[in-house]
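Chemist: Everything in the sequence shown is counted per the numbering used here, starting at 46 for the first residue and increasing by one. Virtual Cβ for every residue (Gly too), placed ideally from N, Cα, C.
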Amino acid sequence: MENQVLQAIARLFSSTPAPLAASEVASSKLTYLPEAKLENISRSIDEVQRTGVRGAFVEFGVALGGSGIFICRKMDRRRKFIGFDLFGMIPAPGAKDDEKSHQRYAIIASGKSDGIGGDRYYGYEPDLLGKVKESFASYGAPVDGRRIRLIPGLFEETLPKTNLGDIAFAHIDCDWFDPVTLCLETVYKNLSIGGVIILDDYNDYGGCKRATDEFLGRHRDIKLLDSTHNAVLRREAI
């Protein structure tokens with residue numbers, strides 16, 4: 046009996062794909078994130094898992110799936126991943142977003158946005174969810190609806206219906222003030238002590254930075270660890 050248990054454990058770990066290198070994902074045409082941002086994600090996941098922080102890994106803004114695949118390949122087999130995205134054209138920025146954000150959205154809405162490396166912009170894909178699922182599977186992280194889930198729809202509609210449970214790590218990549226605020230406050234309710242939140246667009250769009258700074262002002266137990274590339278936040282015990 047003991048040998049059977051040991052063999053089962055060995056099969057489980059031998060079937061776990063090795064983590065991907067940040068350089069491999071950055072060059073895959075599946076993410077806009079440069080290596081430096083992916084390395085921050087990698088280091089944060091390593092720390093969360095090393096210290097045994099409880100909870101799932103979540104991502105808000107899956108896009109083509111590159112960062113989500115990177116996260117799934119880094120997390121251990123006991124973890125679960127939930128990715129949220131409209132899997133279509135992103136909503137417009139709002140009154141609290143900067144001019145750069147509105148200019149960017151105008152290009153996207155015009156149908157003239159370029160994709161990665163000359164590909165079609167992901168928001169114009171007729172079946173983005175299907176394309177992303179294929180990419181996850183091809184990189185050894187199949188979307189099985191249990192360990193790895195992708196939830197399509199507007200955040201304000203899908204988040205209230207989803208039982209997130211404890212959260213250990215969250216990657217927020219949704220550009221504008223309103224969705225970033227919603228995601229931050231949703232994660233905060235479930236974030237374990239020692240849990241990490243990474244904001245991809247902190248240095249890219251004014252609405253994301255404003256939402257993050259206001260969030261930090263409301264919650265004294267959330268500390269900004271780094272904002273050189275993407276913003277890295279951690280929940281502290283107080």
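In chain order, which continuous runs of the beta strand (DSSP E) of length 3 or greater are located wholly inside the segment 210–270?
Modeler: 212–217, 236–244
Chemist: DSSP state of A71, grouped into three classes?
Modeler: helix
Chemist: In terms of DSSP beta bridges, what is V277 paired with?
Modeler: I243, D271
Chemist: Which of the three DSSP states is assigned to E170 in this structure?
Modeler: Three-state DSSP puts E170 in coil, outside helix and strand.
Chemist: For L270, does the count of other Cβ atoms within 10 angstroms reach 16, so buried, or fall short, so exposed?
Modeler: So L270 ends up on the exposed side.
Chemist: Among E259, D266, K206, whose alpha-carbon lies nearest the alpha-carbon of T226?
Modeler: E259
Chemist: Give the DSSP bridge partners of E179, in chain order.
Modeler: E179 pairs with nothing; no bridge assigned.
Chemist: In whole angstroms, what is the alpha-carbon distance linking Y297 and A108?
Modeler: Summary: the structure shown does not reach residue 297, with the chain confined to residues 46 through 283, and so no result is reported for it.
Chemist: Can you give the Cα-Cα distance for F181 and C117, rounded to whole angstroms?
Modeler: 9 Å
Chemist: DSSP three-state call for A101: helix, strand or coil?
Modeler: strand
Chemist: Return the chain-ordered list of same chain residues with a C-beta closer than 6 Å to the C-beta of L204, the five sequence neighbours on each side being excluded.
Modeler: Excluding sequence neighbours, L204 sits near T231.
Chemist: Give the straight-line distance between the Cα atoms of R124 and G97, rounded to the nearest whole angstrom.
Modeler: 11 Å
Chemist: Please list, in chain order, all residues of the same chain as F277 whose beta carbon is under 7 Å from its beta carbon, the five residues on each side excluded.
Modeler: Reading the sequence as shown, one finds Val at residue 277 and not Phe. If we look at V277 and ignore the five residues flanking it on each side, its Cβ neighbours are N85, S89, V241, I243, L270, D271.
Chemist: From K74, S68, R99, G162, pick the residue whose C-alpha is nearest to that of S87; which is it?
Modeler: S68
Chemist: Can you tell me whether N275 is buried or exposed? The criterion is at least 16 other CB atoms within 10 Å of its CB, across all chains shown.
Modeler: buried
Chemist: What does a CB cutoff of less than 7 Å around I283 pick up in its chain, not counting 5 residues either side in sequence?
Modeler: Same-chain partners within the cutoff: R265, D266.
Chemist: Kindly give me the distance between the Cβ atoms of F132 and L173, rounded to whole angstroms, as I take these residues to be in contact under 8 Å.
Modeler: 4 Å
Chemist: Can you tell me whether D91 is helix, strand or coil according to DSSP?
Modeler: helix
Chemist: Starting from G128, trace the beta strand (DSSP E) both ways and give me its first and last residue.
Modeler: 126–130
Chemist: F105 and D220 look like a contact to me (Cβ under 8 Å); what is the Cβ gap, rounded to whole Å?
Modeler: Contact doesn't hold; Cβ gap of about 10 Å is too wide.
Chemist: When DSSP labels each residue in this structure, what does A63 get in the three-state scheme?
Modeler: coil
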